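Asks: Please see the structure below; I have some questions.
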Amino acid sequence: MNADRIRLLLIEDCPADARLIKLMLEQSWAVNIQCDWVDNRTEGIERLRGGGYDVVLLDLGLPESTGLDTLRVVCRETDVPTLVVMSGSSDEEVALQALQAGAQDYLIKGHVDGAALARAVRYAIGRTQAERALRARTDEQRQQAKYLRTLIDLLPMFVWLKDTHSTYLTVNQATAAARGTTVEQMEGRSDADFWPREQAAAFQADDVEIMTSLRRKTVEEMLGTVDGDVWVETYKVPVLDEDGSVLGTVGVARDIRERKAAEAAHQAALAEAERLARQRSAFLAQMSHELRTPLNGILGFAQLLQQDKGLDERQTRGLRIIRESGQHLLTLINDILDLARIDAAKVELNPVDIALPSFLAIVTDIVRVKAEEKSLLFVERFAPDLPASVRADEKRLRQVLLNLLSNAIKFTDRGEVLLGVSIRGRAAGKASLRFEVRDSGIGMTSAQQERLFKPFEQVGEAKRREGGSGLGLAISRELVRLMGGDITVSSEPGKGSRFWFDVELPLGTDRRLEPAVCGRPAGYAGRRRTVLIVDDVPQNRAVLVDCLNVLGFDLVEAVDGQQALACAERVRPDLIVMDMTMPVMDGLEATRRIRQSPALAGIPVMASSGSTSDETEAKCREAGADAFLPKPIDLQAFVAEMGRLLSLTWIF
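Just so we're on the same page, this note's numbering is the position in the sequence shown counted from 1, plus 15.
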């Protein structure tokens, strides 16, 4: 339609009526209409097929047909733009049928003037345009609905739309199939029609929650389907109108059975790993106890017998071999247990203040004896500005240094072994120390160095591998890493080896080591003391009884914690030596009960165990033990600890 002019085709068989109608349209100021006239239906149809007209003004009484047939033929044969009927009949039924058949308006001849006719034409065109726009919008929405339907049906998940009353507006095929119904059967119905009452109530509560809070919600839940319960992850969001009012909710749920199965498998594997770890820890503790118990008797009596002044050379040599063999076996056991603890992440450092000069003196005294046995020169090279005291795990630091030094001596036949300690720097109450072990031994190839720190690897000739487990260096590296450093090696075949590591240690308080007991005491000053020895293994009790008898102690024995409590109540000993692993009542429980008893709480308790882990010692002290000695018991350390706990003055 031209913006300034409307093209109108008048189909009217009466020339007089046609002239009147054209005159009325031409005289109208409301619209600019160009009116073409034909007097029969056939020509009118031909004109309309040529196109270009905005509106048709049709008389129903034409020669070819009359009444509504004329309208129906014109509408059927042509693409009528806008059609207005003009008839001499005032029959309302005919007018209604004409409008139903496609006319936009029905005018009665003789009852309209030019203005009314022009207005009717204009309004008819407007209605046609509005209807076409509406049909186009409807078609577009119908197409969008088809796309949306196809989309949600293709999604591999459950999808639904609800109104504010939690009534389903629509669902996808997967949701309907899960309930064993159809999309059409679910539309217009609620959760109560498809789910158990409790689950339906929970779904509706979720809908109310998200519509009230205007927040999305994600939940993992079990969804009942015709194929059984299915784990799903559900996302629900409120749907808002442009003005912010709530229109309803949209929900999407995806099947997470595979993920849940994987999580369950992971949890089961984790639980199994934890069970195995506990089992391994229990096994290690039990094996430590079982292996150390016979060694306690072997090494204990070897120490006692070596103190006998009446031994001949052959007996002395035999006892020394027994003790050295036992110590070697103990070292192997310690290495294996340490590696197992490291693998299980059970090793923790227990830093204490160390008097560094005294600590180094003890290490060098031990190593110097081994070096002199091979006629090697042992060299100390300690920086003069070393701190007097540092805070570190004394036991583990000594273990690392002795491992490195023992290896150096093992692989050196002549020349020297050196231990060097230097300071790399100080800052904020800390000192960075470098520990270095150097030897003039056989050295290593680069290939041997690559395998050096692997567990159970031993480099060098077969004869030099004897007397070791291949674990010392692997354990030492892990211990140094726990301290915050790492062991580095430099070596060449025939030119010796150099090991070193740097660790940053907090400065400790300057203190002196307590003097050790010099030699074996023959007794003690003061009144006679009573010691209660509690151990289920007779050999372990026998070692301590023989050790303490000659020193003038009264001794009482018990085979378990329950018997120990009864003995302690009866005898009131000055000291209790308590084994931790016993039947009936173990040492931990017995120690706790001693501490809870007003009559016994003040008696010192020395705990002893074949499990030498830091965790075991911590448990003993937590239970109330005043001291802890690992098995096999070093009798000299045992006597010294007794002196401390009982404040004894030894007689030598």
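All C-beta atoms in this analysis are idealised placements derived from N, C-alpha and C, irrespective of residue type, glycine included. Keep in mind that this is a model prediction, so the values were computed, not measured.
By how many angstroms is the C-alpha of L650 removed from the C-alpha of E602?
Replies: Taking the first residue of the sequence shown as 1, we reach residue 602 at position 587. Taking the first residue of the sequence shown as 1, we reach residue 650 at position 635. Per the sequence shown, the amino acid found at residue 602 is Gly instead of Glu. Rounded to the nearest angstrom, the two C-alpha atoms are 20 angstroms apart.
Asks: Under a three-way DSSP split, which group does S693 fall into?
Replies: As shown, the chain starts at 16 and ends at 667. That puts residue 693 outside it, with no answer to give.
Asks: Can you tell me whether DSSP reads A698 as helix, strand or coil?
Replies: Past the edges of the chain, shown from 16 to 667, lies residue 698, and the structure says nothing about it.
Asks: Residue range of the alpha helix (DSSP H) that T57 falls in?
Replies: The sequence position of residue 57 within the sequence shown is 42, counting from 1. It spans 56 to 65 - the alpha helix (DSSP H) in which T57 sits, taken as one unbroken run.
Asks: Measure the alpha-carbon distance for R535 versus V571 and round it to whole angstroms.
Replies: The sequence position of residue 535 within the sequence shown is 520, counting from 1. The sequence position of residue 571 within the sequence shown is 556, counting from 1. Each residue's Cα considered, the two are about 23 angstroms apart.
Asks: Less than 8 angstroms between the CB atoms is what I'm expecting for G315 and I591, so what's the real figure, rounded?
Replies: For the purposes of this step, residue 315 is taken as the residue at position 300 of the sequence shown. For the purposes of this step, residue 591 is taken as the residue at position 576 of the sequence shown. Not quite, the Cβ-Cβ distance comes to about 19 angstroms (not below 8 angstroms), so this is no contact.
Asks: As a quick exercise: from C29, D51, L40, pick the residue whose alpha carbon is nearest that of P78.
Replies: Here residue 78 refers to the residue found at position 63 when the sequence shown is read from its first residue. Comparing Cα positions, the closest option is C29.
Asks: Taking contact to mean at least 3 C-beta pairs separated by less than 8 angstroms, is the segment 51 to 61 in contact with the segment 18 to 27?
Replies: Counting Cβ pairs under 8 angstroms, three or more are found: they touch.
Asks: Measure how close the beta-carbons of K124 and T264 come, nearest whole angstrom, since I'm counting them as under 8 angstroms.
Replies: For this step, residue 124 is matched to residue 109 along the sequence shown. For this step, residue 264 is matched to residue 249 along the sequence shown. That belief does not hold up - the Cβ atoms of K124 and T264 are roughly 59 angstroms apart, past 8 angstroms.
Asks: Output the boundary residues of the alpha helix (DSSP H) element that contains Q49.
Replies: Translated into the one-based positions of the sequence shown, residue 49 becomes position 34. Here Q49 belongs to no alpha helix (DSSP H); instead the beta strand (DSSP E) covers 48 to 53.
Asks: Could you have a look at M498 and say whether DSSP puts it in helix, strand or coil?
Replies: Stepping through the sequence shown from its first residue, residue 498 is reached at position 483. Residue state, collapsed to three classes: coil.
Asks: Suppose you measure from the CA of V452 to the CA of T427; what does that come to, to the nearest Å?
Replies: Taking the sequence shown and counting its residues from 1, the one referred to as residue 452 is at position 437. Taking the sequence shown and counting its residues from 1, the one referred to as residue 427 is at position 412. Rounded to the nearest angstrom, the two C-alpha atoms are 12 angstroms apart.
Asks: Relative to the alpha-carbon of N365, which residue among R413, R22, G129 has its alpha-carbon at the smallest distance?
Replies: Counting from one through the sequence shown, the residue named residue 365 turns up at place 350. Taking only the C-alpha atoms, the option nearest N365 is R413.
Asks: Ignore the nearest five residues each way along the sequence and tell me which others in R668's own chain have a CB closer than 8 angstroms to its CB.
Replies: What the structure shows of the chain is the stretch from 16 to 667, and residue 668 is not part of that stretch, so it cannot be assessed.
Asks: Could you check if N418 is buried or exposed, using at least 16 other CB atoms within 10 Å of its CB as the buried criterion?
Replies: Numbered from its first residue, the sequence shown carries residue 418 at position 403. That one is buried.
Asks: Tell me whether the segment 323 to 343 and the segment 305 to 315 touch, counting them as touching only if at least three CB pairs, one residue from each stretch, are closer than 8 angstroms.
Replies: Verdict: yes, contact present.
Asks: How many Å lie between S512 and S506 at the Cα?
Replies: Sequence index remark: in the sequence shown, residue 512 carries index 497 (1-based). Sequence index remark: in the sequence shown, residue 506 carries index 491 (1-based). Whole-angstrom Cα-Cα distance: 4 angstroms.
Asks: So the candidates are G538, D106, M600, E236; which of them puts its Cα closest to the Cα of Y250?
Replies: As a position in the sequence shown, residue 250 is number 235, starting the count at 1. Measuring from the Cα of Y250, the nearest candidate turns out to be E236.
Asks: Please determine if the segment 605 to 619 and the segment 579 to 589 are in contact, where contact requires at least 3 C-beta pairs separated by less than 8 angstroms.
Replies: Segments in contact, yes.
Asks: If we ignore side chains and look at the alpha-carbon of each, how far apart do D670 and A33 end up?
Replies: Because the chain in this structure spans residues 16 to 667, residue 670 falls outside the shown range and cannot be described.
Asks: What separation, rounded to the nearest whole angstrom, lies between the Cα atoms of D380 and L392?
Replies: As a first step, residue 380 is located in the sequence shown; it is residue number 365 there, counting from the start. As a first step, residue 392 is located in the sequence shown; it is residue number 377 there, counting from the start. Roughly 13 angstroms between the two C-alpha positions.
Asks: Sort out for me which residues DSSP pairs K410 with in a bridge.
Replies: As a first step, residue 410 is located in the sequence shown; it is residue number 395 there, counting from the start. Looking at the DSSP assignment, K410 forms no beta bridge with any residue, so it has no partner.
Asks: In the DSSP assignment, the beta strand (DSSP E) including T240 goes from what residue to what residue?
Replies: Residue numbering aside, residue 240 sits at position 225 when the sequence shown is read from its first letter. Counting along the chain, the beta strand (DSSP E) containing T240 begins and ends at 232 to 240.
Asks: Suppose you measure from the CA of L401 to the CA of S437; what does that come to, to the nearest Å?
Replies: Residue mapping note: residue 401 aligns to position 386 of the sequence shown, counting from 1. Residue mapping note: residue 437 aligns to position 422 of the sequence shown, counting from 1. Rounded to whole angstroms, L401 to S437 spans 7 angstroms at the Cα level.
Asks: Residues in its own chain within less than 8 angstroms of L663 by CB, not counting five upstream and five downstream?
Replies: Counted from its first residue, the sequence shown places residue 663 at position 648. The residues are Y539, A540, G541, R544, M657.
Asks: DSSP on A131, reduced to helix/strand/coil?
Replies: For this step, residue 131 is matched to residue 116 along the sequence shown. Of the three classes helix, strand and coil, the one that applies to A131 here is helix, per DSSP.
Asks: Should P253 be labelled buried (16 or more other beta-carbon atoms within 10 Å of its own) or exposed?
Replies: What you label residue 253 is simply residue 238 of the sequence shown in a count that begins at 1. With 16 or more other Cβ atoms within 10 Å, it is buried.
Asks: Can you name the start and end residues of the alpha helix (DSSP H) that I225 belongs to?
Replies: The sequence position of residue 225 within the sequence shown is 210, counting from 1. Unbroken alpha helix (DSSP H) run through I225: 212 to 228.
Asks: In terms of residues, what are the limits of the alpha helix (DSSP H) holding I381?
Replies: Taking the sequence shown and counting its residues from 1, one reaches residue 381 at position 366. Looking at the DSSP string, the run of the alpha helix (DSSP H) that includes I381 is 371 to 388.
Asks: Cα separation between A139 and V71?
Replies: As a working note, residue 139 is residue 124 in the sequence shown. As a working note, residue 71 is residue 56 in the sequence shown. Rounded to whole angstroms, A139 to V71 spans 10 angstroms at the Cα level.
Asks: Which residue marks the beginning of the beta strand (DSSP E) containing A640, and which one marks its end?
Replies: Within the sequence shown, the letter at position 625 stands for residue 640. Looking at the DSSP string, A640 is not in any beta strand (DSSP E), and its letter there is neither H nor E.
Asks: What are the boundary residues of the beta strand (DSSP E) that includes E395?
Replies: Counted from its first residue, the sequence shown places residue 395 at position 380. Where E395 is concerned, the enclosing beta strand (DSSP E) stretches over 392 to 397.
Asks: Provide the residue(s) that pair with V571 in DSSP beta bridges, ordered along the chain.
Replies: As a working mapping, residue 571 is identified with position 556 in the sequence shown. In DSSP, V571 forms a bridge with L547.
Asks: Across the segment 557 to 577 and the segment 600 to 614, are there enough close Cβ pairs to call them in contact, namely three or more that are closer than 8 angstroms?
Replies: Short answer: they touch.
Asks: Measuring CA to CA, which of V504, T631, L660 is closest to Q301?
Replies: As a working note, residue 301 is residue 286 in the sequence shown. Taking only the C-alpha atoms, the option nearest Q301 is T631.
Asks: In angstroms, rounded to a whole number, what distance separates the CA positions of K275 and A217?
Replies: Stepping through the sequence shown from its first residue, residue 275 is reached at position 260. Stepping through the sequence shown from its first residue, residue 217 is reached at position 202. Their backbone Cα atoms lie some 22 angstroms apart in a straight line.
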